[in-house]
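Numbering (the working numbering), first residue to last: 2 to 69.
Here it is in structure tokens:
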């Protein structure tokens, strides 16, 4: 999914097995490098992530709201 989803595009992809309801894949874009949080995140990095208008900390696949 990440290869066909342009970096500049915001959104989510959720793939579900119709018969069982099992989640096969979740994808949210934009994202962030989780390694930034290892050992504690620097205040300037936290500020940049929180103030980014693209909202990279928002997991659009689980927390986004979309019409059916």
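Using N, Cα and C, we set each Cβ at its ideal position, and we do this for glycine too.
Residue i - containing alpha helix (DSSP H), residue span
i, result
"residue 51", "44-52"
Nearest-angstrom beta carbon gap, residue j and residue i [assumed within contact, 8 Å]
i, j, result
"residue 55", "residue 11", "6 Å"
"residue 23", "residue 15", "Not quite, the Cβ-Cβ distance comes to about 12 Å (not below 8 Å), so this is no contact."
Residue i - containing beta strand (DSSP E), residue span
i, result
"residue 55", "Segment: none, residue 55 is in no beta strand (DSSP E) and carries neither H nor E."
"residue 30", "24-30"
Where residue i falls: helix, strand or coil (DSSP)
i, result
"residue 16", "strand"
"residue 3", "coil"
"residue 33", "coil"
"residue 63", "helix"
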